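What follows is a short report on a single structure.
Protein chains in written order, with my numbering: chain A, 1 to 345; chain B, 1 to 414.
Given below as structure tokens:
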């Protein structure tokens with residue numbers, strides 16, 4: 001008797017799978033994208049789920065690029081409604097979106113995140129310029145005669161005589177990470193600009209300029225320590241020589257374990273990042289599909305909640321999580337744009 | 001030929017090497033367990049603060065004859081905050097009040113609501129409740145107020161002062177953390193729990209078990225007992241063995257393309273998770289089932305054929321029951337592997353923040369190892385012990401499954 005049931009069960013399973021595939025009314029918001037925005041997005045999602053009758057949005061941490069790939073794959077319930085990003089959307093990504101029918105996208109800026117270079121607490125604090133960072137970590141550095149040579153700096157003292165005679169050892173995220181992109185763009189490139197002749201190549205040969213300014217050395221001075229910022233903090237605790245690269249929110253949580261280096265003479269504090277004087281800070285965004293605003297219940301309210309004073313405003317609950325809110329005038333301007341759901345042109 | 005003494009010495013050497021190997025692996029295991037338990041036990045203990053809340057009717061905005069629905073809608077947030085303010089004698093400004101509220105956990109208002117709803121007769125009086133503290137207070141309390149913990153804590157000096165006063169007046173205690181076992185994922189460590197992940201894992205494993213049992217065992221029986229031995233079956237065998245060694249993320253990619261892309265199944269659903277995990281465990285189940293079937297003595301088959309049994313009768317009446325212990329062990333080991341996988345789930349969207357425990361196969365769900373991975377990546381310090389706690393829960397489940405394999409094996413061998 002028991003055996004007779006087997007084919008029935010298999011058919012039943014197959015049928016139910018087919019049924020599920022067809023009936024697909026989604027009533028929760030789906031969010032993908034940057035792992036840097038993830039901690040903020042999830043907090044808003046949780047509050048939203050608790051305080052409204054809507055379900056808690058589902059947030060996936062796919063990385064900024066991966067998020068846009070999913071986001072731009074089309075319109076409809078099978079695709080995400082929101083994509084988080086630790087950089088602005090690229091024109092190539094907008095085109096990709098348009099090709100797949102995602103015409104109108106609303107861009108929302110939520111605030112800033114700082115990237116810090118830190119070493120274990122209790123040691124002497126580093127004071128670096130972006131030029132030092134470039135010279136210490138670039139793959140090729142200027143040789144002084146208008147050409148390039150492979151980077152052979154062994155200690156920080158080789159880079160800048162004012163720095164301590166300690167081995168260059170920097171733990172940072174791998175190239176797939178948005179933090180790494182931002183680090184290359186903000187720290188390395190601004191150090192790179194200290195050399196006039198490199199600046200000049202920017203106009204003529206943009207590819208070469210990028211290669212010079214963004215390439216990180218691969219001889220062991222820069223150690224790829226994975227995407228997990230907690231791990232980098234722990235490694236710094238164990239390895240007194242090393243400096244680590246990670247996001248400001250992790251510094252905020254681990255002030256007793258690590259200390260941030262001064263960048264261009266500025267301390268990595270909340271205030272300095274907010275007013276723009278700290279050099280390595282980046283804006284955080286999320287993008288919403290306009291076509292989904294009416295189709296997915298609660299999406300409109302979610303966006304409003306995210307930009308509310310309570311959440312991403314000054315002294316909002318995201319500030320407690322390490323987000324650096326925008327200042328008054330800038331915030332007003334964005335708020336105006338977002339609450340009218342103006343789409344990206 | 002070496003002499004007796006030399007041969008004895010050789011044996012002695014081998015024994016010692018074997019013992020040393022065991023000792024090394026045991027010490028690794030012990031180190032792993034001690035460090036996990038050492039960090040993880042804290043996840044099962046939480047700190048609670050006793051506050052007196054004023055639940056008299058005008059205070060909570062209700063009138064005589066209220067329903068339980070009205071009672072659920074009371075603004076418990078302000079009730080909790082009033083209770084917190086009553087704890088300190090001085091009048092506080094807005095900013096200072098905020099730091100005071102920071103002692104209480106993020107879920108306190110919901111905890112209070114549930115407690116009041118469970119015993120509505122407290123309404124109308126001033127009642128005392130133990131409510132979960134914030135994660136920072138929890139960590140500080142568990143570490144004990146030493147100089148080291150004072151340096152490590154994120155509490156401000158003022159908060160530490162309040163904490164000490166509360167501690168002195170017996171308003172702070174530690175208790176077993178049920179929330180950790182009954183709650184779903186949250187971004188507030190004091191509210192976060194593994195229940196949502198356990199349910200997700202359970203659904204996914206159920207689907208996986210169903211599929212890999214039927215498909216895997218039937219495939220193994222057909223290949224072993226019915227199929228002709230030719231190039232085709234050899235080709236199949238090589239491919240199945242190959243698939244068993246393929247990195248598991250490959251199955252996730254396959255699932256993304258077929259189940260999500262082609263069939264249009266929902267993203268992050270435990271149904272799809274189970275199907276992908278089934279793809280991954282199928283080769284293991286097929287191989288171990290075939291080995292179990294091969295181990296059944298040929299004389300059994302010959303005897304059955306001898307008295308006139310058909311092929312199907314021979315296989316299902318005699319061979320399969322004898323091979324059952326081996327087949328079951330294979331299935332359970334496959335399931336245990338599936339329980340610990342995250343890589344294939346990544347591609348189909350199960351590695352996500354999901355704050356509601358799933359109630360059906362098609363709802364968004366995560367899984368236990370996914371929860372471990374997500375918490376390990378969280379900036380909040382208190383998630384470190386939650387991570388280790390979730391690993392402990394996962395280990396307990398794995399232990400139970402392996403125990404079940406042993407018990408079933410014993411039972412069927414009789």
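Using N, Cα and C, we set each Cβ at its ideal position, and we do this for glycine too. If you're wondering where the values come from, they're calculated on a predicted model, not measured in any experiment.
Of the other Cβ atoms in all chains shown, fewer than 16 fall within 10 Å of the Cβ of residue 197(A); this residue is therefore exposed.
Sequence-distant partners of residue 128(B) (beyond 5 residues in either direction) whose C-beta falls short of 6 angstroms from its own C-beta, in its chain, are 50 and 52. The beta-carbon separation of residue 298(B) and residue 413(B), rounded to 20 angstroms, does not stay under the 8 angstroms limit for a contact.
Cβ-Cβ distances below 6 angstroms link residue 279(B) to 251 in the same chain, with the five nearest sequence neighbours on each side left out; the list follows chain order. Residues are counted here when their Cβ sits less than 8 angstroms from a Cβ of chain B; for the stretch 50-75 of chain A these are 50, 55, 56, 58, 59, 60 and 61, given in chain order. Note on geometry: alpha-carbon atoms of residue 265(B) and residue 28(A) lie some 15 angstroms from one another. Not a single CB atom of chain B sits nearer than 8 angstroms to the CB of residue 264(A). Of all residues in the stretch 235-262 of chain A, the ones placed with a Cβ closer than 7 angstroms to any Cβ belonging to chain B are 249, 250, 253 and 256, in chain order. Boundaries of the alpha helix (DSSP H) harbouring residue 252(A): 248-253, taken from the DSSP string. Relative to residue 267(B), the option among 404(B), 82(B) and 347(B) whose CA is nearest is 347(B).
By the C-beta criterion, the stretch 185-196 of chain B is judged to be in contact with the stretch 341-360 of chain B, since at least 3 inter-stretch pairs fall below 8 angstroms. The continuous beta strand (DSSP E) containing residue 111(A) extends over residues 105-120.
In the three-state DSSP reduction, residue 278(A) falls in the coil class, being neither helix nor strand.
Annotated as distal: residue 231(A) and residue 118(A), with beta-carbon spacing of 8 angstroms or more. About 13 angstroms separates the beta carbon of residue 312(A) from that of residue 39(A), a gap too long to meet the 8 angstroms contact definition. DSSP places residue 215(A) outside both helix and strand once states are collapsed to three, so it counts as coil. Those residues of the stretch 355-372 of chain B placed with their C-beta closer than 7 angstroms to a C-beta in chain A are 355, 356, 362 and 364, ordered along the chain. In the three-state reduction of the DSSP assignment, residue 224(A) falls in the strand class, which pools E and B. With a threshold of 16 other beta carbon atoms within 10 Å, residue 21(B) falls short and is exposed. DSSP places residue 327(B) in the helix class (H, G or I) of the three-state scheme. Just so you know, the alpha carbons of residue 26(A) and residue 170(B) end up roughly 49 angstroms apart.
DSSP, reduced to helix, strand and coil, places residue 394(B) within a helical segment of the structure shown.
At a Cβ-Cβ threshold of 8 angstroms, residue 110(A) and residue 344(A) do not count as neighbours.
Between the alpha carbons of residue 277(A) and residue 271(A) lies a gap of roughly 9 angstroms.
For residue 353(B), at least one C-beta of chain A is nearer than 8 angstroms to its own C-beta. Approximately 7 angstroms separates the beta-carbon atoms of residue 170(A) and residue 223(A); this is inside 8 angstroms, confirming the contact. Residue 365(B) places its beta carbon 8 angstroms or farther from that of residue 248(B).
Assigned with DSSP and collapsed to three states, residue 46(B) falls in strand. Secondary structure at residue 69(A): helix, using DSSP grouped into helix, strand and coil. Residue 380(B) reaches chain A at 253, counting residues in chain order whose Cβ is nearer than 7 angstroms. 8 angstroms or more divides the Cβ of residue 78(B) from the Cβ of residue 104(B). For residue 376(B), the neighbours in chain A by C-beta distance under 7 angstroms run, in chain order, 228 and 230. Judged by DSSP secondary structure, residue 331(A) falls within the alpha helix (DSSP H) whose first and last residues are 328-339. Looking from the CA of residue 224(B), the closest CA among 31(B), 288(B) and 48(B) belongs to 288(B). Counted as a single uninterrupted DSSP element, the beta strand (DSSP E) harbouring residue 85(A) occupies residues 82-85. With 16 or more other CB atoms across the displayed protein chains lying within 10 angstroms of its CB, residue 140(B) is buried.
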